[in-house]
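S.K.: Quick note: to get this note's numbering, add 115 to the position in the sequence shown (first position is 1).
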Amino acid sequence: MSIGIIGSGALGSTLARAFAANGIAATISNSRGPGSLADLVAELGPSITAGTVEEAAAADIVIAAMRWTDAERVLGALPAWNNRIVIDALNPLEFLEPGAPADPSNPLAAYGVKALDIGSSASSSIFETWVAGARVVKAFNHLDARVLTNAAASGGQRVLFYSGDDAGAKADVRKILDAMGFFAIDLGPLAVGAPLAQLPFGPLSTVELVKI
Ligand SMILES: NC(=O)c1ccc[n+]([C@@H]2O[C@H](COP(=O)([O-])OP(=O)(O)OC[C@H]3O[C@@H](n4cnc5c(N)ncnc54)[C@H](OP(=O)(O)O)[C@@H]3O)[C@@H](O)[C@H]2O)c1
116 MSIGIIGSGA
126 LGSTLARAFA
136 ANGIAATISN
146 SRGPGSLADL
156 VAELGPSITA
166 GTVEEAAAAD
176 IVIAAMRWTD
186 AERVLGALPA
196 WNNRIVIDAL
206 NPLEFLEPGA
216 PADPSNPLAA
226 YGVKALDIGS
236 SASSSIFETW
246 VAGARVVKAF
256 NHLDARVLTN
266 AAASGGQRVL
276 FYSGDDAGAK
286 ADVRKILDAM
296 GFFAIDLGPL
306 AVGAPLAQLP
316 FGPLSTVELV
326 KI
């Protein structure tokens with residue numbers, strides 16, 4: 116199955132790196148166009164190609180790796196999903212500008228982010244409305260992206276969580292996690308699993324587990 120990545124920042128580029136290391140083909144895109152990704156794809160080799168957002172979004176499995184605050188606009192401008200798989204790797208965070216004034220009311224300021232108030236909804240239930248007609252799987256969101264190139268950890272396999280409502284979509288995403296070398300744990304349907312692993316306050320967010 117083809118894989119497209121929308122976003123080539125910390126998460127998108129690290130995923131591309133991890134895919135390349137495991138021989139998994141993917142098309143990566145960003146807001147500036149494929150030319151801006153020439154150095155990255157040259158470094159990563161032939162399994163990773165640079166494309167437009169539309170080209171990445173035409174894949175069988177599309178990974179949303181943009182900021183929450185950009186996602187509705189970016190995803191809403193794309194053609195119909197026609198039951199394809201979209202991986203929701205987002206967290207409902209605002210990224211602070213470097214040097215933003217100190218905000219004692221923000222417990223996440225040290226991490227350069229602020230929790231967005233999305234009410235009592237799970238972020239995935241909002242995300243689903245932005246990709247109507249897609250099968251959504253939540254994955255790749257609960258750990259710092261830097262660990263995604265390092266599936267082998269402490270003598271075992273790093274655990275990644277995923278969740279979703281469509282068994283077939285989850286099985287296809289699990290194949291990717293397996294091929295990357297992770298120990299994948301299905302947290303169940305989106306309504307259960309996504310809030311557990313959602314940053315910043317999901318009880319399983321940032322939890323690093325290793326299967327020995
Ligand atoms: N960083 C992490 O450790 C991490 C871990 C787990 C989950 N996440 C989640 O992953 C998402 C991305 O985080 P990040 O740290 O990778 O952010 P980032 O470094 O700021 O990267 C955001 C990417 O989105 C792209 N983008 C913005 N507008 C776009 C548009 N109109 N069309 C196409 N691409 C567009 C940007 O393109 P340009 O490069 O052209 O500006 C950039 O490549 C966030 O929702 C975050 O919560 C991050």
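Virtual Cβ for every residue (Gly too), placed ideally from N, Cα, C. Note that this is a predicted model, so its numbers are computed, not measured.
Let me check you understand the geometry: is the CB of L335 closer than 7 Å to at least one non-hydrogen atom of ligand 1?
M.R.: Residue 335 is absent from the structure shown; the chain starts at 116 and stops at 327.
S.K.: Alpha carbon to alpha carbon, how far is A153 from I143? Give it in angstroms, no decimals.
M.R.: Within the sequence shown, the letter at position 28 stands for residue 143. Within the sequence shown, the letter at position 38 stands for residue 153. Taking the straight line joining both Cα atoms gives about 11 Å.
S.K.: Would you list, in sequence order, the uninterrupted alpha helix (DSSP H) runs of no fewer than 4 residues that lie entirely inside the segment 267 to 304?
M.R.: 282 to 294
S.K.: With DSSP as the reference, label A204 as helix, strand or coil.
M.R.: Indexing the sequence shown from 1 puts residue 204 at position 89. It is coil, neither helix nor strand.
S.K.: Given L292, which residues of its chain have a CB within under 8 Å of its CB, disregarding the five upstream and five downstream residues?
M.R.: Residue numbering aside, residue 292 sits at position 177 when the sequence shown is read from its first letter. Cβ within range, chain order: A254, L275, Y277, A299.
S.K.: I'd like the list of long-range same chain contacts for I233, defined as Cβ closer than 8 Å, with 5 residues on each side in sequence excluded.
M.R.: Residue 233 sits at position 118 when you count from the first residue of the sequence shown. P207, I241, listed in sequence order.
S.K.: Would the beta-carbon of R132 be found less than 7 Å away from any heavy atom of ligand 1?
M.R.: Counting from one through the sequence shown, the residue named residue 132 turns up at place 17. R132 Cβ: outside cutoff for every heavy atom of ligand 1.
S.K.: Skipping 5 residues on each side, what residues in its chain have a beta carbon closer than 8 Å to that of A186?
M.R.: Along the sequence shown, one-based indexing puts residue 186 at 71. If we look at A186 and ignore the five residues flanking it on each side, its Cβ neighbours are A179, L205, F242, W245.
S.K.: Only counting the same chain, and skipping five residues up and downstream in sequence, which positions put a Cβ closer than 6 Å to that of L193?
M.R.: For the purposes of this step, residue 193 is identified with residue 78 of the sequence shown, where counting begins at 1. A172, listed in sequence order.
S.K.: In the DSSP assignment, what are the bridge partners of S144?
M.R.: Working through the sequence shown from its first residue, we reach residue 144 at position 29. Partner(s): I121.
S.K.: In chain order, what residues of the same chain have a beta carbon less than 7 Å from the beta carbon of G138, not counting five sequence neighbours either side?
M.R.: Here the question's residue 138 lines up with position 23 in the sequence shown. If we look at G138 and ignore the five residues flanking it on each side, its Cβ neighbours are S162.
S.K.: Using a Cβ-Cβ distance under 8 Å, would I200 count as near chain C?
M.R.: Going by chain labels, chain C is absent from the structure shown, which holds only one protein chain.
S.K.: Alpha carbon to alpha carbon, what distance is there between L263 and K326?
M.R.: Taking the sequence shown and counting its residues from 1, one reaches residue 326 at position 211. Taking the sequence shown and counting its residues from 1, one reaches residue 263 at position 148. When rounded, the distance between both Cα atoms is 15 Å.
S.K.: Look at the Cβ atom of A157, then the Cβ atom of I118, and state whether they are nearer than 8 Å.
M.R.: Mapped onto the sequence shown, residue 157 falls at position 42. Mapped onto the sequence shown, residue 118 falls at position 3. No, they are not a contact pair.
S.K.: Could you check which residue in G122, A135, N198 has the C-alpha nearest to that of T184?
M.R.: In the sequence shown, the residue the question calls residue 184 occupies position 69. Selected option, being the one with the closest Cα: G122.
S.K.: Just verifying my parser: in three-state terms, what is the DSSP assignment at T167?
M.R.: The residue labelled residue 167 in the question sits at position 52 within the sequence shown. T167 falls in the coil class under three-state DSSP.
S.K.: Need the endpoints of the beta strand (DSSP E) that R250 sits in, please.
M.R.: In the sequence shown, the residue the question calls residue 250 occupies position 135. From DSSP, the beta strand (DSSP E) with R250 extends over 250 to 254.
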